[in-house]
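Position in the sequence shown counted from 1, then plus 107, gives you my numbering. By construction, the Cβ of each residue, glycine as well, lies at the ideal position given by its N, Cα and C atoms.
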Amino acid sequence: MMPESPEHKKRHVVNYVEMESSENVTRAEMINTVGVFGQQYDVWDVRTDNCRWWAITNLLNLYNQDRFPSMDETLSFHIGMMMRLSEHNRRTADSDDEEDLLPSAWRRFGQAVEAHSLAVEPEDYQTVAIRSREALLAMVRDLSDKPWMLDETPPKAGDFKGWISLICRSLTEGRLRSYLTAMADKTWDLAVSLQHNTSADQVSTELLLDGVRHAMQSIALIVIGHDRGTRSTCPKCGSVRIESDYRPESGLDYPHFVICGACGWETQATPLCPAAATKEQRFFEEHGDALVTQERNLDEVRRTTNQQLDPPEGDEGRPR
108 MMPESPEHKK RHVVNYVEME SSENVTRAEM INTVGVFGQQ YDVWDVRTDN
158 CRWWAITNLL NLYNQDRFPS MDETLSFHIG MMMRLSEHNR RTADSDDEED
208 LLPSAWRRFG QAVEAHSLAV EPEDYQTVAI RSREALLAMV RDLSDKPWML
258 DETPPKAGDF KGWISLICRS LTEGRLRSYL TAMADKTWDL AVSLQHNTSA
308 DQVSTELLLD GVRHAMQSIA LIVIGHDRGT RSTCPKCGSV RIESDYRPES
358 GLDYPHFVIC GACGWETQAT PLCPAAATKE QRFFEEHGDA LVTQERNLDE
408 VRRTTNQQLD PPEGDEGRPR
């Protein structure tokens with residue numbers, strides 16, 4: 108059974124293919140969806156007026172079917188490449204909203220990841236714990252002046268657990284509050300423990316980094332959801348398949364939409380802060396020409412790389 112080809116996803120793929128290949132798309136169909144390590148990869152068979160492409164998502168990339176005839180081998184190649192990119196991007200936030208919300212915290216977390224990649228001796232891994240502790244403190248500092256904070260005497264600057272308790276009590280309740288507070292507290296305890304542990308090693312600090320990133324992303328998710336009034340279910344059909352859709356062709360200052368993948372309900376998203384609505388527009392007005400040049404250079408690199416790569420043997424997976 109062929110997977111559905113949601114219109115908003117199809118539009119995104121078509122726009123990407125036409126921009127990257129400088130060709131006109133005549134047909135685009137999603138032919139497979141694969142989940143690997145919690146990540147979903149959609150495979151699109153895209154025909155243009157010149158050739159045929161595989162377009163594989165997460166992150167979206169193109170592969171000429173003349174040089175990559177096998178869908179399975181192309182998908183495996185794509186997943187491997189994305190995993191390498193994921194390791195490189197581990198030190199940064201997943202979205203601009205997270206980065207804008209916790210700028211100091213993500214900068215210090217990046218330093219912790221960098222220290223971990225270079226660590227050899229136990230004292231090196233202790234440094235990772237120190238940087239992780241600093242990232243957690245930076246997170247609560249980044250949030251300390253938010254208007255939604257409960258009106259009570261604030262904790263001391265270095266009282267991480269006190270600040271986390273205040274943040275969670277300000278935004279959540281019940282089991283969610285208990286979970287977030289306990290998760291952040293335990294992550295802090297691990298960082299402090301490893302900071303003074305002369306037996307700190309690669310495995311323990313790897314777990315610590317995962318915990319710190321999870322804590323930062325979880326708190327950011329709650330804050331962003333509160334500030335935007337983010338929906339978790341569709342108000343029309345009750346589905347939880349709520350997705351985002353970016354539409355630059357709409358001409359809006361903030362061309363982001365929230366849609367339901369089940370029934371098609373949609374609404375325009377609101378920016379995290381007022382300045383964000385015009386941030387993208389100003390950026391493209393100032394740097395548009397440079398971005399076009401960069402895209403052309405990137406396209407040339409892709410074409411050169413494709414010419415140098417030998418096609419996988421066999422033609423298993425070639426669409427007929």
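| request: Tell me whether Phe390 sits in a helix, a strand or coil according to DSSP, three-state version. | output: Low confidence applies here, because Phe390 scores a pLDDT of 49, under 50, leaving its location unreliable; read the following figure in that light. In the structure shown, Phe390 sits in a helix (DSSP, three-state: H, G or I).
| With 16 as the cutoff for other CB atoms within 10 Å, does Phe144 come out buried or exposed? | exposed
| query | Would you call the CB atoms of Ala135 and Val150 closer than 8 Å? | reply | no
| According to DSSP, what are the bridge partners of Ser351? | Val365
| query | Any heavy atom of the ligand ADP within a distance shorter than 7 Å of the CB on Arg238? | reply | The model on display carries no ligand, and the ligand ADP is accordingly not part of it.
| For Gln146 and Thr140, believed in contact at Cβ under 8 Å, the rounded distance | No, Thr140 and Gln146 are not in contact; Cβ-Cβ is about 11 Å, not under 8 Å.
| Sufficient close CB pairs (3 or more, under 8 Å) joining the region 302-322 to the region 232-246 | yes
| message | Can you tell me which residues form a DSSP beta bridge with Gln147? | response | Gly142
| said: Quick check: what's the CA-CA separation for Tyr361 versus Asn131? | reply: 27 Å
| request: Taking Glu373 as part of the beta strand (DSSP E), name the residues at either end of that continuous run. | output: 373-375
| task | Could you have a look at Trp270 and say whether DSSP puts it in helix, strand or coil? | result | helix
| task | Kindly indicate which three-state DSSP category Trp213 falls into: helix, strand or coil? | result | helix
| field | DSSP three-state assignment for Asp179, whether helix, strand or coil | value | helix
| message | Quick check: is the beta carbon of Phe144 nearer than 8 Å to any beta carbon in chain C? | response | Of the chains in the structure shown, none is chain C; there is only one protein chain.
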